[in-house]
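Chemist: Per our numbering, residue 2 is the first one in the sequence shown, and the count goes up by one each step. Attaching a single structure in structure tokens format; questions to follow.
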Amino acid sequence: MSRKSEGTNSQALSCDSEGISSRSLHIREQWTGKLDFLFSSLGYAVGLGNVWRFPYLAYSNGGGAFFIPYFTMVIFVGTPIFVMETIIGQFSSCGPTTCWDFCPFFKGCGFAMVTVSFLTCVYYNMIIAWAFYYVYASLESPVPWYTCGKWSTKYCVDRVHILSQEECHNSSGIALSNGICQTRLHNDSLVLWNRTLAKQSGIALTFPAKEYFERRVLGYGLGNDITNIGPMRIELILSLTVAWVIVIVCLAKGIRVSGKIVYLTATSPYLMLIILFLRGIRLPGAGKGIQYYILPNMSALSSAKIWQDAAVQIFFSLSSSYGGIIALSSYNKFNNNILRDSLVVCVGNSATSIFAGFIVFSFLGFLSFDLNVPIHQVAEAGPALAFTIYPFCLTKLPGTNFWSVLFFVTIILLGIDSQFVLVETVITGIIDMKPRLREQKWITVVTICGIMFFLGLPLTCNGGLDVMELMDTYSSGWNVIFIALCECTALHLYGLCRFIKDLEAMIGQQFCLYNHCTRVCRFWWISCWGIITPSLLLFVFLFSAVNQTRIEKFPAWVDYIGWGMLSSATFWILVIGAYVIVTAQGTIQQRIYSAFVPTIWWGPALYENRITVAGYVEGFTVDPEALTIISMKNEVENKETRSTLY
């Protein structure tokens with residue numbers, strides 16, 4: 002696939018799966034607007050994890066004290082990895098599977114990234130499908146989770162009758178020691194005379210929104226689990242279809258269209274979050290909830306777990322090592338100020354996470370006040386927060402339908418642009434290996450999305466929540482941290498100083514905010530990529546390995562499926578690394594050496610940009626095609642000479 006800059010006839014090199022470049026008629030797309038990359042990256046990085054994962058991690062890890070390890074990891078791990086990937090993508094104009102000519106042994110990192118993104122796409126769109134379902138359900142008046150319905154159990158609070166001990170006896174009932182009043186007056190309902198005793202006995206009351214999500218929407222808890230996921234639910238299949246159709250329509254025309262759509266999907270959630278924030282802080286109990294969020298418990302800093310949670314959250318929120326950052330930046334023009342854009346995205350991502358925490362805990366504080374229970378009993382993370390806690394809070398507000406539609410549209414917009422890039426990562430990786438597919442990209446998009454749709458159908462079953470938990474637990478986690486470690490190793494072998502020169506070749510004097518601080522900036526990035534970032538990554542990786550626990554509710558054989566997903570990154574990196582060495586030419590020492598040094602094809606796509614790089618990097622090959630032709634010609638002449646001699 003050749004690449005030409007827009008408005009120029011300059012000849013370009015193309016990336017293919019074998020690392021061989023050629024002049025051809027294939028043209029790589031580029032962003033048509035200066036802000037396309039910035040908004041696409043911001044939309045990709047800012048997703049559902051910022052809203053439902055970060056606030057809970059902050060609360061459960063010492064409140065405001067969590068900000069210390071979080072910002073430490075942002076500065077020393079998240080930002081350096083993010084910047085590294087954007088530089089690689091923009092400098093090479095190649096996607097995650099074909100950008101590894103700077104250190105061919107680690108080419109498997111690209112395949113590992115695409116694999117992780119592929120697995121994430123399958124279940125991530127299911128969450129968006131749930132949000133579509135709720136938008137439709139929010140149009141009913143009152144909303145269906147306002148009270149307990151036919152789908153609820155006897156433990157749903159609206160169905161539970163609370164009597165005093167005297168009232169229990171007066172109704173010919175027996176006050177049991179577990180808090181239950183055994184009476185014939187309410188055969189189909191649960192009657193309690195003491196809620197405290199009932200709770201101590203393991204009798205947990207649930208609110209309508211929770212049972213609506215689990216039993217009505219998902220069909221979860223109806224006797225199905227991961228060993229018997231049950232039938233598919235037609236409403237969820239339709240919702241999932243809508244979610245995938247939107248992805249296909251937006252991506253089929255390429256980044257020229259998706260780059261404009263993301264202006265809406267990346268900015269609209271902020272307006273909606275501001276509206277929710279202004280409503281949330283005015284609720285009774287909101288102040289107490291925010292206190293739980295920001296008041297620090299400094300003793301939590303002595304735990305290694307808080308540092309691990311901070312590092313893992315950075316990878317989830319910035320989406321580093323998923324390949325999407327490389328894919329997006331590969332569509333940039335060579336001289337785009339990639340460092341500025343990267344820092345804006347990193348700052349915007351962290352600011353969104355912190356801001357979302359104020360929104361979440363203002364509503365949790367209100368719920369705690371309304372139910373008269375401690376906040377730790379209502380604070381949850383993940384889907385439970387978005388699809389049970391929030392909907393229940395919204396039923397307590399006037400205009401429930403409006404707030405429900407607003408909230409779930411926000412969830413859709415937060416998730417859909419992240420899904421765009423995850424799918425685009427897979428598509429870019431495949432098209433870069435098979436450039437001819439670009440000529441009929443819409444067929445490629447439909448095919449790949451169709452495969453993901455069918456693989457996601459088990460998530461629409463009654464036991465689909467368990468399937469999602471399995472995929473979410475094992476598909477990324479270790480994988481992205483291991484990939485990031487390999488990226489740092491590859492960069493070490495390539496040369497940190499040379500990498501800095503590559504950046505300077507692209508942005509020149511814009512390398513640092515102030516020209517006289519250039520040396521300081523250069524030292525900062527070399528220190529992070531060379532020592533600080535890989536050291537912290539190694540700590541987190543080893544700590545995660547030592548403290549890895551299985552999902553207890555799953556049978557042992559399910560672990561093998563999980564470990565299969567977990568080992569996907571290691572498999573690709575080791576197998577392709579070995580393949581690169583085996584297929585190289587020369588002695589074993591020469592083969593190993595060639596696997597860890599840049600090939601002559603490494604560098605920008607356009608020859609004019611390769612000439613620029615040659616001014617920064619001594620010995621850089623400006624025209625690898627001409628060098629290859631000369632080499633092939635010499636080889637032919639040598640063969641002819643040998644045949645003449647014999």
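Ideal placement from N, C-alpha and C gives every residue a C-beta, glycine not left out.
Closer than 9 Å, CB to CB, is residue 524 near chain C or not?
Modeler: Of the protein chains in the structure, only one exists, and it is not chain C.
Chemist: Evaluate residue 548 with the Cβ neighbour count: other Cβ atoms within 10 Å of its Cβ, from every protein chain shown; 16 or more gives buried, anything less gives exposed.
Modeler: Exposed: under 16 other Cβ atoms inside 10 Å.
Chemist: Relative to the alpha-carbon of residue 80, which residue among 286, 341, 35, 37 has its alpha-carbon at the smallest distance?
Modeler: Comparing Cα-Cα distances from residue 80 to each of 286, 341, 35, 37, the minimum goes to 341.
Chemist: If you follow the alpha helix (DSSP H) that residue 305 is in, where does it begin and where does it stop?
Modeler: First-last of the alpha helix (DSSP H) with residue 305: 305-319.
Chemist: Grouping DSSP H, G and I as helix and E and B as strand, with all else coil, what is residue 122?
Modeler: Correct three-state label for residue 122: helix.
Chemist: Are the beta-carbon atoms of residue 475 and residue 563 separated by less than 9 Å?
Modeler: Yes.
Chemist: Relative to the C-alpha of residue 73, which residue among 556, 462, 92, 537 is closest?
Modeler: That would be 537, whose Cα lies nearest to the Cα of residue 73.
Chemist: Would the beta-carbon of residue 248 fall within 9 Å of that of residue 424?
Modeler: For residue 248 and residue 424, yes; Cβs fall inside 9 Å.
Chemist: If you count every other CB in all the chains shown that lies within 10 Å of the CB of residue 521, and 16 or more means buried, which is it?
Modeler: It is exposed - the Cβ of residue 521 has fewer than 16 other Cβ atoms within 10 Å.
Chemist: Rounded to whole angstroms, what is the Cα-Cα separation between residue 318 and residue 482?
Modeler: Each residue's alpha carbon lies about 13 Å from the other.
Chemist: Measure from the alpha carbon of residue 369 to the alpha carbon of each residue in 554, 292, 586, then state which is nearest.
Modeler: Ranking 554, 292, 586 by Cα distance to residue 369 puts 292 first.
Chemist: Quick check on the DSSP output: what are the complete alpha helix (DSSP H) runs of length 4 or more inside the region 455-517, in order along the chain?
Modeler: Those alpha helix (DSSP H) runs which fall completely within the region 455-517 and span 4+ residues are 465-475, 479-495, 497-508.
Chemist: Where does residue 303 land, buried or exposed, given buried means 16+ other C-beta within 10 angstroms?
Modeler: By the neighbour-count rule (16 or more Cβ atoms within 10 Å), residue 303 is not buried but exposed.
Chemist: Could you tell me the alpha carbon to alpha carbon distance between residue 487 and residue 416, rounded to whole angstroms?
Modeler: About 28 Å.
Chemist: Secondary structure at residue 598, three-state DSSP: helix, strand or coil?
Modeler: Coil.
Chemist: Can you list, in chain order, the residues of its chain whose CB lies under 7 Å from that of residue 133, leaving out five sequence neighbours each side?
Modeler: For residue 133, where only same-chain residues beyond five positions count, the Cβ hits under 7 Å are 240, 243, 244, 413.
Chemist: For residue 282, which of helix, strand or coil comes out of DSSP?
Modeler: Residue state, collapsed to three classes: coil.
Chemist: Have a look at the DSSP bridge pairing and note the partners of residue 453.
Modeler: Residue 453 is not bridged to any residue.
Chemist: Does the separation of the CB atoms of residue 46 and residue 349 fall below 9 Å?
Modeler: In this structure, residue 349 lies closer than 9 Å to residue 46 by Cβ.
Chemist: Give me the DSSP bridge partner(s) of residue 1.
Modeler: The requested residue 1 does not occur in the structure, where the chain is confined to residues 2 to 647.
Chemist: Three-state secondary structure (DSSP) at residue 607?
Modeler: The answer is strand: DSSP assigns residue 607 an E or B state.
Chemist: Hey, would you say residue 213 sits closer than 9 Å to residue 308, going by beta carbons?
Modeler: No.
Chemist: Closest to residue 503 by C-alpha separation, out of 615, 378, 148, would be which residue?
Modeler: When only C-alpha atoms are compared, the closest one is 615.
Chemist: Are the region 576-594 and the region 108-122 in contact at 8 Å, needing three or more beta carbon pairs?
Modeler: With the cut-off at 8 Å, the region 576-594 and the region 108-122 touch.
Chemist: On a Cα-Cα basis, can you pick out the residue from 83, 30, 262 that is closest to residue 530?
Modeler: Among 83, 30, 262, the Cα nearest to that of residue 530 belongs to 83.
Chemist: Consult DSSP for residue 23 and reduce its assignment to one of helix, strand or coil.
Modeler: Any reading at residue 23 needs caution, since the residue's pLDDT is 40, under 50, leaving its predicted position unreliable; the model's value is listed next. It is coil, neither helix nor strand.
Chemist: Mapping DSSP to helix, strand and coil, what is residue 100?
Modeler: Three-state DSSP puts residue 100 in coil, outside helix and strand.
Chemist: Kindly give me the distance between the Cβ atoms of residue 114 and residue 97, rounded to whole angstroms, as I take these residues to be in contact under 8 Å.
Modeler: At roughly 5 Å, the Cβ-Cβ gap stays under 8 Å, so residue 114 and residue 97 are in contact.
Chemist: Take the Cβ of residue 211 as the centre, count every other Cβ of all protein chains shown within 10 Å, and call the residue buried at 16 or more, exposed below.
Modeler: Classification of residue 211: buried, given that the 10 Å Cβ count is 16 or more.
Chemist: Please report how far the alpha carbon of residue 42 lies from the alpha carbon of residue 58, in whole angstroms.
Modeler: Taking the straight line joining both Cα atoms gives about 24 Å.
Chemist: Residue 52 to residue 617, Cα distance in whole Å?
Modeler: Taking the straight line from one Cα to the other gives about 43 Å.
Chemist: Nearest-angstrom Cα distance between residue 496 and residue 430?
Modeler: Those two C-alpha atoms are separated by around 25 Å.
Chemist: Cα-Cα, which of 597, 507, 310 is closest to residue 106?
Modeler: Of the listed residues, the one whose Cα sits closest to residue 106 is 597.
Chemist: Apply the 10 Å Cβ neighbour rule to residue 208 and answer buried if 16 or more other Cβ atoms are within range, or exposed otherwise.
Modeler: Answer is buried; the Cβ neighbour count reaches 16.
Chemist: Leaving out the 5 sequence neighbours to the left and right, which residues in its chain are closer than 6 Å to residue 277 when beta-carbon positions are compared?
Modeler: Contacts found: 360.
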